[in-house]
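I have placed the structure first, in the form of structure tokens, so that the comments after it can refer back to it.
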Amino acid sequence: MSENTENKSCVVPIGPYHPLQEEPEFFKLHVDGEKVVGIDIEIGYNHRGIEKISEAKHYDQGIFAVERICGICSTSHPFAYCNAVEDLAGIELPERARYIRTLVGELERIHSHLLWLGLAGHFLGYNTVWMWSWKYREPVLDIFEKISGNRQHYSMFKIGGVRRDILAEDIPWIEKELDALIKAVEMFKGAVMDDPVILARTKNIGVLTAKDIKDYGGVGPLARASGVDIDIRRDNPYAAYNLVDWKVQTFQGGDIFAKAVVRILETLESIKIIQQCLVRLKTVTGPIDLKIKEIPAGEGIGRHEAPRGEVFHYVRGDKTNRPTRHKIRAPSYVNVATNEKAVIGYDISDALIVLAAVDPCYCCTERVSVVDAEKGTALYTGNDLIRLSQEKTKKLKERIF
Amino acid sequence: MKYPKLRELKEAITALIKGPYTTKFPAEPHVAMPGFRGKPTPDKELCIACGACAEVCPARAIEVKNNTETSPKTRDIIWHYDLCIYCGQCERLCTTQKGVTLTQEYDLATTDRSTLYSGVQKELVVCQDCGEIIGTKDQLLWIYKKIGPLTGGNYNIIFTAQNELGLSSEDSNTKSDKEQVQRADLYRLLCPKCRHVALVFNQTGKQI
Chain R
27 MSENTENKSC VVPIGPYHPL QEEPEFFKLH VDGEKVVGID IEIGYNHRGI
77 EKISEAKHYD QGIFAVERIC GICSTSHPFA YCNAVEDLAG IELPERARYI
127 RTLVGELERI HSHLLWLGLA GHFLGYNTVW MWSWKYREPV LDIFEKISGN
177 RQHYSMFKIG GVRRDILAED IPWIEKELDA LIKAVEMFKG AVMDDPVILA
227 RTKNIGVLTA KDIKDYGGVG PLARASGVDI DIRRDNPYAA YNLVDWKVQT
277 FQGGDIFAKA VVRILETLES IKIIQQCLVR LKTVTGPIDL KIKEIPAGEG
327 IGRHEAPRGE VFHYVRGDKT NRPTRHKIRA PSYVNVATNE KAVIGYDISD
377 ALIVLAAVDP CYCCTERVSV VDAEKGTALY TGNDLIRLSQ EKTKKLKERI
427 F
Chain G
1229 MKYPKLRELK EAITALIKGP YTTKFPAEPH VAMPGFRGKP TPDKELCIAC
1279 GACAEVCPAR AIEVKNNTET SPKTRDIIWH YDLCIYCGQC ERLCTTQKGV
1329 TLTQEYDLAT TDRSTLYSGV QKELVVCQDC GEIIGTKDQL LWIYKKIGPL
1379 TGGNYNIIFT AQNELGLSSE DSNTKSDKEQ VQRADLYRLL CPKCRHVALV
1429 FNQTGKQI
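Line by line, the protein sequences are chains R and G. Throughout the first sequence, residue numbering follows my numbering, covering 27 to 427 in sequence. Throughout the second sequence, residue numbering follows my numbering, covering 1229 to 1436 in sequence.
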């Protein structure tokens, strides 16, 4: 991506160094007045060498290494990794383990989408949405604490099953919490779809057509919001996804609004899947894991539909207890590139929400600064950009009401 | 237009009546759920200091330290909480299954990093010839209790157990006269290397 050297345009660097968060990225926005005319995306900061670390760990320990790739989807990577190793070793999971895995994976999707919804609300200037959405995320984390022993980094997965069983006495409590969550998500669904200000801020902003998605290889809710009907859970079923009844949620439009709606509908769909899993867990008995003695030589691939899209893991073993090669492809890696299409031509106050709609970890906004290309002086800081975005909403509110 | 606002108004009023969702944490102590994976606490009695946990720890947070300079020689197993990822592998794969448990304690914040550890110290059993470590006393006793009569072939285990029961002492085994008993070394605590020297002869009776 070439540097924009026109004298008129300013450069807005966003990122990159935030060592605490998950996906540091660097966006350099070229702006002409208020309009974004170009974008440079640089990724690859914070290279942790997880693939190499994983090669030095046992198959059993590797799960903990890949779990720490991302703090938000901390079960997606173990899910894909376990799928890959089980593909390599030809392991058939016990039925009870399938349901528990599905349940953990879907709970994670709920909390991830609610987190995104809250952040999107914050960037749009709806701090109430932010607070409420994160408030209703808490019960999900409480469920995690109960069933896995931790709010993040659940350590539930192991090769050939899961580490912890879901106790029968916990199931009614989980069902009660989920019923309360459905009402809250329905409320958010109404709040997002009916509100004229949110409509004005998100409709026809950051549009990605189905062709753009296919050109850039976008995955996950981003692709489904543009009407591209892809979902690994349905296309290549694993765990218990072919044993429960659910639908892939798609939406037409490809703008921010469509992305928000797809995520909210997916949250409701996830609750539906979990409820079915809980019902089955009451009757399905049997072991939750298999005693795996040896992983043979060979190669295996594993995929999982993470909250942000398809996670891909490739593992090659040589009959020892460690993989000789482990390759990981995370969804944000492909999704971030679509910003090149989505952000150009829109206002700088919209840029923030467009970049956030991909649902990368948005730690980088804290490091935003707008720099005049000629003078090299800072025009805006990260907080200024959030303020810009929130002021635009305020102006729209005054105009609409 | 007015209808959706009513729905959100209901939520707002509910939130007003119910009060904040957040807990008053520093004022009121928070109790973690049962089964929470918190601070791993070793059991001073039931830990046998075998070091299996250090083998399986993904973060290498468990240190095995052999103090061969002290008398008696000891082994420390140290859990470093600053490196620990609280995965529970040490608890799950503990040899005795009771040596370490993950407690509900989560508030480990401190200003001094060097205090973030806890550990157990166990006495080592060493080779009487070369001083090589055989294992901890508790580990040999644990194996003795577990396999019972099957220990017959392993003098190290029998001798450690007899010492513990007071049936023999270390002195009685070290006094044996090499010139009178050809294989005096047989009745000593020996590492595999020294045992090989003591037991394996060639055809002419010469040790190899």
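Note that beta-carbon positions come from the ideal geometry of N, C-alpha and C, so glycine has one too.
Residue i - containing beta strand (DSSP E), residue span
i	result
residue 1349 of chain G	1345-1354
residue 1313 of chain G	That residue, residue 1313 of chain G, is in no beta strand (DSSP E); it is neither H nor E in DSSP.
residue 1290 of chain G	1290-1295
residue 246 of chain R	No beta strand (DSSP E) contains residue 246 of chain R, which DSSP labels as neither H nor E.
residue 344 of chain R	335-344
residue 1268 of chain G	1268-1270
residue 1304 of chain G	1302-1308
residue 1330 of chain G	1328-1330
Proximal chain C residues relative to residue i, where beta-carbon distance stays under 7 Å
i	result
residue 1315 of chain G	The structure shown contains no chain C; its protein chains are R and G.
Delimiting residues of the alpha helix (DSSP H) encompassing residue i
i	result
residue 1388 of chain G	1383-1393
residue 309 of chain R	282-309
residue 86 of chain R	85-93
residue 332 of chain R	Looking at the DSSP string, residue 332 of chain R is not in any alpha helix (DSSP H); the run it does join, the beta strand (DSSP E), is 323-332.
residue 109 of chain R	102-115
residue 359 of chain R	357-361
residue 1370 of chain G	1365-1375
residue 205 of chain R	197-220
residue 1425 of chain G	1420-1427
residue 194 of chain R	Taken as a continuous stretch (DSSP letters only), residue 194 of chain R belongs to no alpha helix (DSSP H), as it is neither H nor E.
residue 383 of chain R	374-383
residue 368 of chain R	365-368
Alpha-carbon to alpha-carbon, residue j and residue i
i	j	result
residue 1421 of chain G	residue 1352 of chain G	18 Å
residue 122 of chain R	residue 1330 of chain G	25 Å
residue 265 of chain R	residue 369 of chain R	37 Å
residue 37 of chain R	residue 57 of chain R	6 Å
residue 388 of chain R	residue 307 of chain R	For residue 388 of chain R, the pLDDT reaches just 40, beneath the cut-off of 50, and the residue's location in the model is therefore unreliable, although a value from the coordinates is still provided. Cα to Cα, the separation comes out at about 36 Å.
residue 1285 of chain G	residue 87 of chain R	8 Å
residue 1262 of chain G	residue 1277 of chain G	27 Å
residue 1418 of chain G	residue 1293 of chain G	21 Å
residue 326 of chain R	residue 345 of chain R	13 Å
residue 179 of chain R	residue 211 of chain R	24 Å
residue 247 of chain R	residue 1316 of chain G	34 Å
residue 114 of chain R	residue 105 of chain R	14 Å
residue 353 of chain R	residue 81 of chain R	10 Å
residue 433 of chain R	residue 267 of chain R	No information on residue 433 of chain R is available, as it lies outside the stretch 27 to 427 that chain R covers here.
residue 1388 of chain G	residue 1283 of chain G	25 Å
residue 356 of chain R	residue 1373 of chain G	50 Å
residue 155 of chain R	residue 143 of chain R	8 Å
residue 1341 of chain G	residue 1303 of chain G	23 Å
residue 337 of chain R	residue 1428 of chain G	58 Å
residue 8 of chain R	residue 425 of chain R	Limits of chain R in this structure are 27 at one end and 427 at the other, which puts residue 8 of chain R out of reach.
residue 1423 of chain G	residue 1270 of chain G	34 Å
residue 1310 of chain G	residue 1318 of chain G	16 Å
residue 365 of chain R	residue 274 of chain R	24 Å
residue 191 of chain R	residue 89 of chain R	18 Å
residue 1256 of chain G	residue 329 of chain R	44 Å
Integer Cβ distance of residue i from residue j, believed to fall under 8 Å
i	j	result
residue 53 of chain R	residue 67 of chain R	6 Å
residue 382 of chain R	residue 140 of chain R	Not quite, the Cβ-Cβ distance comes to about 15 Å (not below 8 Å), so this is no contact.
residue 233 of chain R	residue 280 of chain R	5 Å
residue 1347 of chain G	residue 1375 of chain G	Contact doesn't hold; Cβ gap of about 28 Å is too wide.
residue 1274 of chain G	residue 1327 of chain G	5 Å
residue 103 of chain R	residue 92 of chain R	4 Å
residue 379 of chain R	residue 282 of chain R	6 Å
residue 200 of chain R	residue 294 of chain R	Not confirmed; about 17 Å, so no contact.
residue 213 of chain R	residue 1239 of chain G	6 Å
residue 1266 of chain G	residue 1314 of chain G	7 Å
residue 204 of chain R	residue 162 of chain R	With 8 Å as the limit, residue 204 of chain R and residue 162 of chain R do not qualify as a contact, their Cβ atoms being about 11 Å apart.
residue 335 of chain R	residue 270 of chain R	Going by Cβ atoms, the distance from residue 335 of chain R to residue 270 of chain R rounds to 21 Å, so no, they are not a contact pair.
residue 133 of chain R	residue 300 of chain R	6 Å
residue 1297 of chain G	residue 1308 of chain G	Not quite, the Cβ-Cβ distance comes to about 22 Å (not below 8 Å), so this is no contact.
residue 62 of chain R	residue 372 of chain R	6 Å
Is it true that the region 1386-1396 of chain G meets the region 1324-1336 of chain G, where meeting means three or more beta-carbon pairs spaced less than 8 Å apart?
no
contact_flag[the region 188-206 of chain R, the region 156-175 of chain R] where n(CB pairs < 8 Å) is 3 or more:
yes
Between the region 95-107 of chain R and the region 275-293 of chain R, do three or more beta carbon pairs fall short of 8 Å?
no
Ordered list of beta strand (DSSP E) runs contained in the region 117-188 of chain R, each at least 3 residues:
none
Are the region 351-361 of chain R and the region 201-221 of chain R in contact at 8 Å, needing three or more beta carbon pairs?
no
If contact is defined by three or more beta carbon pairs under 8 Å, each pair taking one atom from either stretch, is the region 148-156 of chain R in contact with the region 416-424 of chain R?
yes
If contact is defined by three or more beta carbon pairs under 8 Å, each pair taking one atom from either stretch, is the region 302-317 of chain R in contact with the region 228-245 of chain R?
no
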